[in-house]
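Residue numbers (the working numbering), protein chains in the order written: chain E, 3 to 264; chain U, 471 to 859.
A virtual CB, placed ideally from N, CA and C, is assigned to each residue, including glycine.
Remember, predicted model here, so these are calculated numbers, not experimental data.
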Amino acid sequence: MFKPQQTSQQFAPAREDLAVHIQHLNYFFGAGDLSKQVLFDISLELPKGQIVILTGPSGSGKTTLLTLAGALRSLKDGSLRVLGKELVGLSDRALVGVRRNIGFIFQAHNLFESLTASQNVEMAVELTGNFSSKRDQAGAMLSALGLADRVDYKPQSLSGGQKQRVAIARALVNHPKLILADEPTAALDKKSGRDVVNYLHALSREEGCTVLMVTHDNRILDVADRIINLVDGRLESDSSPNAFIQSKQGDPTDVSADMFIM
Amino acid sequence: MAKRIPLAWLNLIHDRRRFATSLAGVGFAVLLMFMFNGFMNALYDSQLQLLNRFNGEVIIVNRLRTNMFVPRAFARRRLYQARAFDGVQNAYAVYISEVNWKNPDTRKSRVVRVIAINPDEPVLNIPELDTHRQALRLPETALMDTQSRAEVGPIEAGVITELADRHIRLVGTFTMGTDFASGNGNLLMSDQNFLRYFADRGPEEVERSFATVDVGVLKLEPGANVERIVKTLQENLPNDVLVLARDGENGFVIRERKYWQENTNIGFVFSLLTSMGFFVGIILVYQILYTDVADHWAEYATLKAMGYKNIYLLGVVMQEAVILSVLGFIPGVLVSQLLYQAAGNATGLFFQMTAARVINLLLATFVMCLVSGAIAVRKVQTTDPADVF
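This is how it looks when you write it as structure tokens:
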């Protein structure tokens, strides 16, 4: 196993057209003798406006990569620029500031049961300080996601798909330039899952925001501009959806192009 | 409507049943503190009920009478001497003794305290004295304290029984309350009747006469300087008596309270119990707050991922703590008020809920909830948004 390179290494300069720019990133869990490396020399460029699906077997480090890009972990090695900001070596406090420009969508909706759909979304708007217009912004975003008539419902009276759409509205209401999604469709049925993915697709096209999505859900691979396969902490492949499917054709249990409307 | 969403409040009231039990828990801790604190204060305050009714600014007692329990009298002529000083308007004698009272129903004897005064003099601020003055002048009559313990039997005008093995008739009642020195109750009678019962009680008992007085009450002329008169009297009267102002820092009433504070474990015991109530409250509130944080940790972690700082989440938990302390205090204080009344009726002790005591315990409740909150927030601080994925 090679020694991780020191931070004195020269990295390419910041580029305006990249939402996420990862260079020679190594990441370890734990410290000292117990430390275990989970990401090995990752270099990745995500241009603005792309939808990128991150896939791979469990334990391959997908989620870790996602949380690193989301400024949820502090890192020391390599270079990770998100929306033009270098995250390596940032303090926890500074990381919080970076997170405000990122929309997170989780596998679970993580909505407050005590708040209405609108209030849950307004929690995100309050971060921007727009207290007077927060209700309108939340209402507009919920309407855009087809929940205009559910604005004042509490999560317990919403269906699973509706809850996930509220969570997406919360992630998108501040119009983030980067959206990180972890299995956003895992808890949804086929139709709801497809709706959610279509919203993300439309959003990225209309607002030019970048979407990085971890998923095992083969039904939604078609929305991606790129599919990145991560195995054992290393980048295995980086290809278009069609090429990705072709490469999997040998395996009958896996994906086929017939599943998509392309 | 440009306000923050009151997340703490909404989280608390979301589950109404849990909210109600939470408030009941805080209320119970408040109740514990109020009861223990109340008993402590009642035991102290009760000692002062008789003292506060003496109708005079200056009190004379035997120097050896360090508290109302000590049965030491002083020579009555000291009162006549005191009356000669400038500024002293009048000097009244109070005779106090303890003797057996026979419960007319059970025929069992119980010790009661007899307080005797000249019914024609305004010695005591007891309004019932005015209405029963005429009856008290009759031989073998007395007034019974309605707050006396149940052991003395029925307390009403017309009860006929025995006091010191002699016939006695109750001609009415008054309301004062018992204390450590009062035995099972207080009996109020005229000084003439006092002589009838205590002048000749047999070879083993101390004979009482008008020659000795238990408490002397001096009424000063209006506008007189109490401090100066106390000083003059103490300097000029023989040293067998102690002259004290009734009220004030070094007064007779405070001296009695201090005696019980310094010579009993009441303060220690009840302060300990009160602080136990305080810690029970801390644990209860901590449980409530911890459960809230644990149940919503994914949501709180999501807030952190969205860009909320730790300080915001700490604020939410602390707000919940403050809401619980204030809203839990209200039922606690209301139920305590009822229990104070019930306990006062059952024991004859003097339970009073003064504004200062309520505010003190409100502050204690507040601190209680803040401490719990401070422990519970560590859970929020350690919530790692990266774990939500």
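Asked: Residues that R486(U) contacts on chain E, provided the C-beta gap is smaller than 9 angstroms; Found: Here the premise fails: no neighbours, minimum Cβ distance about 11 angstroms.
Asked: Where I793(U) falls: helix, strand or coil (DSSP); Found: helix
Asked: Straight-line gap, G141(E) to V153(E) (C-alpha atoms, nearest Å); Found: 7 angstroms
Asked: Inter-residue spacing [alpha-carbon to alpha-carbon] between R619(U) and G647(U); Found: 9 angstroms
Asked: Cβ pair count under 8 angstroms reaching 3, the segment 850-859 of chain U against the segment 55-74 of chain E; Found: yes
Asked: Same chain only: Cβ atoms within 7 angstroms of G818(U), ignoring 5 sequence neighbours per side; Found: Q617, S618, R619, G647, T648
Asked: The segment 723-741 of chain U touching the segment 473-482 of chain U, judged by at least three CB pairs closer than 8 angstroms; Found: no
Asked: Chain-ordered chain U contacts of N112(E) [CB-CB under 7 angstroms]; Found: A768, E769, T772, V858
Asked: Interface flag, M108(E) vs chain U, CB-CB below 8 angstroms; Found: Reading off the sequence, residue 108(E) comes out as Phe, not Met. Yes, F108(E) counts as interfacial toward chain U.
Asked: Proximal chain E residues relative to K849(U), where beta-carbon distance stays under 7 angstroms; Found: In chain order: nothing, as chain E lies at least about 17 angstroms away.
Asked: Y155(E) (DSSP reduced to helix, strand or coil); Found: coil
Asked: Proximal residues of chain E, C-beta to C-beta of L480(U) below 7 angstroms; Found: S116, L117
Asked: Chain U within 8 angstroms of R101(E), Cβ atoms only; Found: yes
Asked: Residues, ordered as in the chain, of the segment 146-169 of chain E that lie near chain U by beta-carbon distance below 9 angstroms; Found: K156, A169
Asked: Supposed close pair L518(U), W571(U) - CB separation, criterion 8 angstroms; Found: 23 angstroms between Cβ atoms; not a contact.
Asked: For Q559(U) and F722(U), the rounded distance between their alpha carbons; Found: 19 angstroms
Asked: C-alpha gap between R486(U) and G751(U), whole angstroms; Found: 20 angstroms
Asked: Contact with chain U by G235(E), beta-carbon distance below 8 angstroms; Found: no
Asked: Coil, strand or helix - M125(E) by DSSP; Found: helix
Asked: C-beta contact flag for R727(U) and S652(U) at 8 angstroms; Found: no
Asked: Through-space distance from D661(U) to N669(U), alpha-carbon basis; Found: Just to set this straight, residue 669(U) is Ala in the shown sequence, not Asn. In a straight line, the C-alpha of A669(U) is about 11 angstroms away from that of D661(U).
Asked: L174(E), buried or exposed, once every other Cβ within 10 Å from all chains shown has been counted against 16; Found: buried
Asked: Beta carbon proximity, Q25(E) to chain U, threshold 8 angstroms; Found: no
Asked: Three-pair Cβ contact test at 8 angstroms for the segment 779-799 of chain U versus the segment 100-119 of chain E; Found: no
Asked: Beta-carbon contacts of L657(U) that lie in its chain and below 8 angstroms, excluding the five residues immediately before and after; Found: W571, V582, R583, V584, I585, A612, L613, M614, D615, L633
Asked: P574(U) and V641(U) closer than 8 angstroms at C-beta; Found: no
Asked: First through last residue of the alpha helix (DSSP H) which encompasses V581(U); Found: From DSSP, V581(U) is part of no alpha helix (DSSP H) but of the beta strand (DSSP E) over 579-587.
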